[in-house]
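If you're matching them up, the sequences are chains A and G in order.
Residues in the first sequence are numbered consecutively from 1, following the working numbering.
Residues in the second sequence are numbered consecutively from 295, following the working numbering.
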Amino acid sequence: MSTHQPPMPQAPAAAPDWQAAPGGPYPGYTSPIPVVRTHLGHALASEWTKIRSVRSTMWTIGVFVLLVVGIGLLTGALVEANSDSTSLSGENPLSFGFFGLLLGSICIITLGVLTTASEYGTGMIRTTMTACPSRARVLAAKSIVFFALAFVVTLVTSGFVAMVHASLLGNTGARTPTGGDWFKATVGISLYMALLGLLSLLIGSVIRHSAGAITIMIGVLLAPLVLALFMVTESLDKLRQWLFEYSIPNQLSVFYANSLTESGPSGWDPLWIMIGVTAAVYAGAYALLQNRDV
Amino acid sequence: MIELDGLTKRYGEKVAVDHLTFAVRPGIVTGFLGPNGAGKSTTMRMILGLDRPTAGDVRIDGTHYDRLKDPLTYIGALLDAKAVHGGRSAWNHLLCLAQSNGIPERRVAEVLETVGLTAVARKKAKGFSYGMGQRLGIAAALLGDPRILMFDEPVNGLDPEGIHWIRNLMKSLAAEGRTVFVSSHLMSEMALTADHLVVIGQGRLLADTSMADFIRTNSRSYVRIRSPQPERLLDVLHQAGITVVEAGGGALEVEGGKAEQIGELAARYGLVLHELSPRQASLEEAFMRLTAEAVEYHAQAGPGPVPQDWGAGWKGV
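Encoded structure:
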């Protein structure tokens with residue numbers, strides 16, 4: 001009864017009655033719906049519908065905007081109220097956007113993780129992979145849609161805060177920001193934040209568990225700095241210095257040229273570092289996605 | 295048309311699906327039957343490319359699932375009604391699926407109408423009852439108007455009206471020339487819907503046969519007798535050349551439809567009968583006999599390979 005390969009009277013070759021039916025070797029129902037050869041564009045449209053149709057997206061982005069703009073305006077007002085005409089002499093007035101973005105990064109991390117991990121939590125991933133069997137395409141579409149959304153939102157909010165700061169702090173002795181300052185404090189920081197979110201999205205795909213992935217990413221964000229704070233012995237000095245310099249908050253501050261340290265990453269270094277890390281994790285996430293069962 | 299060729303899935307030492315070879319043909323409903331844990335869902339996940347087979351091959355109209363460019367127009371599947379994001383509305387859930395396959399947006403409204411969810415199209419899926427979730431899953435399966443449909447335990451948790459609806463839906467889909475592949479662990483359900491039957495147990499193929507053949511081979515008729523004078527009755531029947539089996543509880547069973555003959559014999563020899571009833575063994579019993587060796591999770595209620603109460607509720611096929 002448990003033979004592995006029982007006789008199969010229905011094997012294709014033995015059933016010419018339907019084999020010869022119209023519609024090629026696989027007859028049956030033909031749908032009136034036109035057949036479309038799908039491409040990445042279809043997956044992008046699908047992922048865009050997904051990301052805009054859940055409330056967690058609205059919440060995380062709403063809180064992000066609130067934090068960046070709110071803290072930005074508060075900091076600007078506080079600094080302006082407590083300054084005379086020379087207290088900020090020679091400083092970059094855009095650098096006060098840092099605090100809002102540092103807190104806001106937690107929202108970007110959360111949204112990034114939820115974009116992938118929530119599909120595993122709800123089981124939606126099986127539906128997604130059934131609709132689009134190319135796992136590479138699914139990961140690419142999610143990454144592009146999320147990256148674009150995170151970039152645009154950060155660009156608009158950080159741009160707004162930067163403009164407010166530039167005009168508000170004009171008579172505190174702060175220097176007029178150069179084109180390079182503007183570019184780094186808006187486009188640069190937005191690229192960095194969107195990459196940080198993309199990294200979270202990939203970690204979400206690897207861990208497949210929302211809470212776990214968010215915890216890991218917040219650890220990555222804050223742990224190096226917190227550890228460094230308590231490394232008071234001299235023997236750990238080099239490690240301490242390294243943790244400080246390459247912690248994500250310090251990398252963020254490099255975009256405003258007010259790094260915690262004099263050495264370490266400078267200029268556009270943080271962006272290159274983040275691109276490298278994200279690319280490596282992308283490759284890992286892709287390999288795992290390709291090989292694991294959904 | 296779904297073709298499986300030596301399909302195998304191992305999880306470590308455990309073999310979930312063991313060299314399955316069969317084909318699911320268009321125009322009929324094919325039932326996929328097996329006890330819990332037999333490997334039905336794993337097989338269906340491999341058909342959809344969700345799980346990678348350890349060995350063997352499965353093709354949809356001659357193509358691997360992951361080579362299909364617009365899979366939803368080839369094959370629609372209901373694997374798990376809970377495979378939706380609860381925070382998304384039914385409309386948006388179907389819309390994102392339609393977009394990923396280039397299916398026109400009007401189909402979303404059409405399938406919602408088909409499954410009767412139009413009124414709650416804008417409601418979040420997490421507020422849906424189990425039956426509504428099942429209907430949403432079926433809407434997703436129908437979205438691409440596919441040639442092949444696959445349903446994993448579609449009637450589980452549905453009310454009688456929903457069960458009736460799904461049965462008719464499957465029959466009408468097959469009548470349109472589509473391939474319909476539906477799994478169940480209830481023989482009674484399959485007897486009502488399926489034209490062809492594939493039975494598996496512990497991942498192995500146990501039967502691949504038409505429903506009519508299965509019924510012909512497996513439905514056993516017998517006569518059940520109870521008497522306060524069993525020894526004399528046994529002698530009488532033995533002399534008449536009738537084979538009798540003791541069925542426990544003081545009852546005797548005789549294969550075949552000889553109730554009249556036995557009644558006349560009893561009358562001739564002045565024997566008292568308390569029961570003389572022609573019986574038909576149910577398909578459920580035939581299925582249980584077939585899979586008895588292969589049932590993975592036995593209840594601990596009885597001795598023997600099949601506990602006495604196993605499936606007791608289904609015997610009225």
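Just so it is clear, CB atoms sit at the ideal spot from N, CA and C, and this is done for glycine as well.
Just so it is clear, the structure is predicted and the values come from calculations on it, not from any experiment.
G:Leu388 is the residue among G:Gly456, G:Asp439, G:Leu388, G:Ile556 whose C-alpha sits nearest the C-alpha of lysine 418 of chain G.
Using beta-carbon distances, arginine 429 of chain G does not count as an interface residue toward chain A, since no partner is under 9 Å. Proline 329 of chain G has its alpha-carbon roughly 13 Å from the corresponding atom of alanine 310 of chain G. For asparagine 395 of chain G, a Cβ of chain A is located within less than 9 Å of the residue's own Cβ. Taking a beta-carbon distance threshold of 9 Å, methionine 295 of chain G counts as an interface residue toward chain A. Neighbours of serine 383 of chain G in chain A, taken as residues at a C-beta separation under 8 Å, are given in chain order as Ser53. The C-alpha of serine 200 of chain A is placed about 30 Å away from the C-alpha of histidine 165 of chain A.
Along the length of the stretch 351–436 of chain G, whole alpha helix (DSSP H) runs at least 4 residues long occupy 384–394, 400–409, 424–436, reported in chain order. The continuous beta strand (DSSP E) containing isoleucine 494 of chain G extends over residues 490–495.
Isoleucine 203 of chain A and aspartate 446 of chain G have their C-alpha atoms roughly 31 Å apart. With its beta carbon at least 9 Å from every one in chain G, valine 145 of chain A lies outside the interface. Contacts between threonine 473 of chain G and chain A, judged by CB atoms closer than 7 Å, involve Gly28 in chain order.
For proline 440 of chain G, the closest Cβ of chain A is nearer than 9 Å. Interface flag for glutamate 447 of chain G against chain A is unset, since no Cβ pair is found closer than 9 Å. Secondary structure at phenylalanine 151 of chain A: helix, using DSSP grouped into helix, strand and coil.
Contact of histidine 42 of chain A with chain G by beta-carbon distance below 8 Å involves Gln393, Ser394, Asn395, Gly396. By the beta-carbon neighbour count (other beta carbons within 10 angstroms, threshold 16), histidine 568 of chain G is exposed.
The Cβ atoms of serine 56 of chain A and leucine 114 of chain A lie closer than 9 Å to each other.
Assignment of beta-bridge partners to glutamate 540 of chain G by DSSP yields G:Leu546. The CB of alanine 45 of chain A comes closer than 7 Å to the CB of Gln393 in chain G, given here in chain order.
When secondary structure is reduced to three states using DSSP, phenylalanine 160 of chain A falls in the helix class.
DSSP places phenylalanine 255 of chain A outside any beta strand (DSSP E), giving it a letter other than H or E. Rounded to the nearest angstrom, the gap between the Cα atoms of threonine 412 of chain G and threonine 38 of chain A is 28 Å.
Its chain contains Arg518, Glu547 as the residues whose beta carbon lies nearer than 8 Å to that of alanine 541 of chain G, once the 5 sequence neighbours on both sides are disregarded; these appear in chain order. Taking C-beta separations shorter than 7 Å and ignoring five residues to either side along the sequence, the partners of threonine 116 of chain A in its chain run Lys142, Leu201, Gly204, Ser205, following chain order. Contact between the stretch 330–337 of chain G and the stretch 506–526 of chain G is absent: fewer than three C-beta pairs spanning the two stretches fall below 8 Å. DSSP places glycine 451 of chain G outside both helix and strand once states are collapsed to three, so it counts as coil. For glycine 380 of chain G, the neighbours in chain A by C-beta distance under 7 Å run, in chain order, Thr122. Here serine 576 of chain G is not near serine 478 of chain G, since their CB atoms are 9 Å or more apart. Here methionine 444 of chain G carries a strand assignment [DSSP, helix/strand/coil]. By the Cβ criterion, the stretch 90–103 of chain A is not in contact with the stretch 45–56 of chain A, since fewer than three pairs of Cβ atoms, one from each stretch, lie closer than 8 Å. Below the 7 Å Cβ cutoff, chain G contributes Leu344 as neighbours of methionine 129 of chain A, in chain order. Of all residues in the stretch 338–365 of chain G, those with a C-beta nearer than 7 Å to a C-beta of chain A are Leu342, Gly343, Leu344, Asp345, Arg346, Asp355, Gly356, Tyr359, Asp360, Leu362, Lys363, Asp364, Pro365, reading in chain order.
At a beta-carbon threshold of 9 Å, none of the residues of chain A lie near lysine 465 of chain G; the nearest stands roughly 14 Å away. Chain A places a beta carbon closer than 9 Å to that of lysine 376 of chain G, counting this residue as a contact. Only buried fits threonine 186 of chain A, as 16 or more other CB atoms lie within 10 angstroms of its CB.
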